[in-house]
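>
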Amino acid sequence: MPIHEKSLIRKEDLVTHERLTLEGVDVSGDWSTFIQPRVLTNYNERMEQEIAALPGGEGIHRCWQCGSCTNSCTVNAINPDFNPRYWIYLIRLGMESELLRDKDIVWQCVSCNKCTYACPRDVNPEGVMKATAHWLELKGYTKPSPAAEFDAEFSEQVFATGRIEEGRVLRNFFTRTGQKLNQPWLVALVQGLVRRLPLGYLLRLGQAAVLRPRARRWSGARAGIEEYVRERRAADRRALALAPEETEP
Ligand code: SF4
Ligand code: SF4
149 MPIHEKSLIR
159 KEDLVTHERL
169 TLEGVDVSGD
179 WSTFIQPRVL
189 TNYNERMEQE
199 IAALPGGEGI
209 HRCWQCGSCT
219 NSCTVNAINP
229 DFNPRYWIYL
239 IRLGMESELL
249 RDKDIVWQCV
259 SCNKCTYACP
269 RDVNPEGVMK
279 ATAHWLELKG
289 YTKPSPAAEF
299 DAEFSEQVFA
309 TGRIEEGRVL
319 RNFFTRTGQK
329 LNQPWLVALV
339 QGLVRRLPLG
349 YLLRLGQAAV
359 LRPRARRWSG
369 ARAGIEEYVR
379 ERRAADRRAL
389 ALAPEETEP
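Heads up, the sequence shown is in my numbering, so the first residue is 149 and it goes up one at a time.
(1) Counting C-beta neighbours from all protein chains within 10 Å, is the total for residue 149 16 or more, i.e. buried, or is it exposed?
(2) Can you list, in chain order, the residues of its chain whose CB lies under 7 Å from that of residue 397, leaving out five sequence neighbours each side?
(3) Throw me the rounded Cβ distance for the residue 313 and residue 305 pair, which I believe falls under 8 Å.
(4) Alpha carbon to alpha carbon, how far is residue 229 from residue 159? Give it in angstroms, no decimals.
(5) What is the DSSP secondary structure of residue 182, counted as helix, strand or coil?
(6) DSSP on residue 170, reduced to helix/strand/coil?
(7) So, do the segment 241-251 and the segment 207-227 have three or more beta carbon pairs nearer to each other than 8 Å?
(8) Ligand 1 and residue 245: does the residue's C-beta get closer than 7 Å to at least one heavy atom of that ligand?
(9) Does the segment 177-197 come close enough to the segment 251-259 to have 3 or more Cβ pairs within less than 8 Å?
(10) Under 6 Å Cβ to Cβ from residue 257, same chain only, skipping five residues before and after it: list those, please.
(11) Between the C-alpha atoms of residue 345 and residue 337, what's the straight-line distance to the nearest angstrom?
(12) For residue 387, verify whether its CB is less than 7 Å away from any heavy atom of ligand 2.
(13) Out of 186, 237, 388 and 221, which one is the CA nearest neighbour of residue 288?
(14) Nearer than 7 Å: is that true of the beta carbon of residue 181 relative to any heavy atom of ligand 1?
(15) Can you check DSSP and say which residues form a bridge with residue 282?
(16) Determine, using beta carbons only, whether residue 162 comes closer than 8 Å to chain D.
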């Protein structure tokens, strides 16, 4: 399907001549706007299959390009370059090099799921955005996003103790992503909590932070969850024809 929306054409691909006359007709300025021809060098015929094999991407083949996802998207309202409909279009055509032009903003999906409710074809565009961000990471095109770092920290704590301790999650997330702990909003949040929460609750929070208690009979559940995660990661890598991780059996 050709795309004619001018807003979707990158500025560097548009050429306008201040003064131009063609066959005696003055087409100066906007009248002489051309789209620069480009050669796509990086087609990936398996791209749709690869993303459909990742969690969330399963419904991508149902997309009929109505654009309801992009129209309802929270991030698109702030940044028009964030365009789920367009990315699904590129993925289905295997236009990998085109998608890579936006690789650093795909992760910005905030999982509000407005697109999911708006989609008439049950594509689950939110899931497709997550699968696409995951695909970009697995392929080595992007570093793990802050969202992926947060998920990793959260999961590691659950694996270790069967619980999470919010303060530790935040601290370690900030360290993993190279952010300072003394962010003004965080300082204000902590000060507000200290002022409002009962002393007994604060003491229990402090105790949990130091002692890191485990959920009861956690080791059996942990083994099951870890096995599932290992299998899932191995399946994701197989779907993308990537070599197994060193820790895989
Ligand atoms: S879930 Fe993501 S893609 Fe969907 S509307 Fe929200 S921000 Fe946009
Ligand atoms: S709303 Fe659904 S069918 Fe429409 S473009 Fe988005 S993903 Fe495709």
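Ideal Cβ placement from N, Cα and C applies to all residues, glycine included.
A quick look at the data gives this:
(1) Unreliable positioning characterises residue 149 in this predicted model, as indicated by a pLDDT of 43, which lies under 50. A coordinate reading is not provided.
(2) Low confidence applies here, because residue 397 scores a pLDDT of 47, under 50, leaving its location unreliable; read the following figure in that light. By the criterion of a C-beta distance shorter than 7 Å, residue 397 is surrounded by no residue of its chain, once the five residues flanking it on both sides are discounted.
(3) Rounded, the Cβ-Cβ distance is 7 Å, consistent with contact.
(4) Each residue's CA atom was taken as its position, placing residue 159 and residue 229 some 12 Å apart.
(5) DSSP places residue 182 in strand when its eight states are reduced to three.
(6) Three-state DSSP puts residue 170 in a strand.
(7) Taking one beta carbon from each stretch, the segment 241-251 and the segment 207-227 have fewer than 3 pairs nearer than 8 Å; the two do not touch.
(8) Residue 245 Cβ: outside cutoff for every heavy atom of ligand 1.
(9) The segment 177-197 makes no contact with the segment 251-259: fewer than 3 CB pairs, one atom from each, lie closer than 8 Å.
(10) The answer, listed in chain order, is 277.
(11) If you draw a straight line from the Cα of residue 345 to the Cα of residue 337, it is about 12 Å long.
(12) Because no heavy atom of ligand 2 lies under 7 Å away, the Cβ of residue 387 does not count as near it: no.
(13) Ranking 186, 237, 388 and 221 by Cα distance to residue 288 puts 388 first.
(14) With a threshold of 7 Å, the Cβ atom of residue 181 does not count as near ligand 1, since no heavy atom of the ligand is closer than that.
(15) None; residue 282 has no bridge partner.
(16) The chain labelled as chain D is not found in the depicted structure, where only one protein chain is given.
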